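Residue numbers (our numbering): 104 to 269.
Notes follow the structure.
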């Protein structure tokens, strides 16, 4: 199961957006209503959603500025954006950056963000970060372990932020 679909199930996501038919098929099998669309042109009226969930999406967007404007548009006042990234300057982030440099079929298209870059980008588009959860504190070379999320955004390679529409 892909991470976005797993998180969507856990968060009880009701509608999923993706440009990939393959990802949409997986989501449908999990009981999620899907719409094939680009995040730059969300097919929804203004102020309709209470929250938006983006899991390892931001780094693959061609135009994150437009996407964040669209998310802002469709969120209700005080709506929540939960955005999760692989932090560029973490051990796992550096692994992905190196893979990108070597032409990895997915990561070569990614732009990995540092924590300050993510904070600046969200603030610029009208969001206020109110909570952080991070995990994946072990380096890529170690044996994986199950971890509880931590509130310190600097501890883990995988970071989720909760941001409120101002």
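Where is the CB? At the ideal position from N, CA and C, for every residue including glycine.
These figures come from a predicted structure and were not determined experimentally.
Run the CB neighbour count on residue 151, radius 10 Å, all protein chains shown included, and call it buried at 16 or more, exposed below.
-> Here residue 151 refers to the residue found at position 48 when the chain shown is read from its first residue. So residue 151 counts as exposed.
Counting only the same chain and skipping the five closest in sequence on each side, list residues whose C-beta sits under 7 Å from that of residue 222.
-> The count along the chain shown starts at 1 and reaches residue 222 at position 119. Closer than 7 Å at the Cβ level, and outside the excluded window around residue 222, lie 232.
DSSP bridge partner residues for residue 231 (one or two, in chain order) | Indexing the chain shown from 1 puts residue 231 at position 128. DSSP lists 267 as partners of residue 231.
With a cut-off of 8 Å on the beta carbons, I'd call residue 175 and residue 229 a contact; round off their distance for me.
-> Position 72 of the chain shown, counted from the start, is the residue given in the question as residue 175. Position 126 of the chain shown, counted from the start, is the residue given in the question as residue 229. Contact holds; Cβ gap of about 5 Å.
Sort 125, 154 and 190 by Cα distance to residue 117 and report the nearest one.
-> Within the chain shown, residue 117 is the residue found at index 14, counting from 1. Nearest C-alpha to residue 117: 154.
Determine the direct distance from the alpha carbon of residue 188 to that of residue 215, and round the result to whole angstroms.
-> The sequence position of residue 215 within the chain shown is 112, counting from 1. The sequence position of residue 188 within the chain shown is 85, counting from 1. Roughly 8 Å separates the two Cα atoms.
Bridge-paired residues (DSSP) for residue 119 | On the chain shown, position 16 is the one that residue 119 refers to. Residue 119 is bridged to 137.
Taking DSSP as the reference, what is the three-state secondary structure of residue 237?
-> On the chain shown, residue 237 is found 134 positions in, with the first residue counted as 1. Correct three-state label for residue 237: strand.
What residue from 265, 196, 123 and 130 has the CA that sits closest to residue 162's CA?
-> As a first step, residue 162 is located in the chain shown; it is residue number 59 there, counting from the start. Sorting 265, 196, 123 and 130 by C-alpha distance to the C-alpha of residue 162 places 196 at the top.
Three-state class that DSSP yields for residue 189 in the structure shown = Here residue 189 is taken as the residue at index 86 of the chain shown, counted from 1. Correct three-state label for residue 189: strand.
Burial state of residue 121 (16 or more Cβ within 10 Å) | Indexing the chain shown from 1 puts residue 121 at position 18. Its Cβ being crowded by 16 or more others within 10 Å, residue 121 is buried.
Taking residue 156 as the reference, which of 182, 146 and 133 has the closest Cα?
-> Here the question's residue 156 lines up with position 53 in the chain shown. It is 182.
Whole runs of the alpha helix (DSSP H) within the segment 140-192, excluding any shorter than 4 residues | The segment 140-192 contains these whole alpha helix (DSSP H) runs: 167-177.
Measure the beta-carbon distance from residue 170 to residue 142 and round it to whole angstroms, keeping in mind my assumption that it falls under 8 Å.
-> As a working note, residue 170 is residue 67 in the chain shown. As a working note, residue 142 is residue 39 in the chain shown. Yes, they are in contact, since the Cβ atoms of residue 170 and residue 142 sit about 4 Å apart, within 8 Å.
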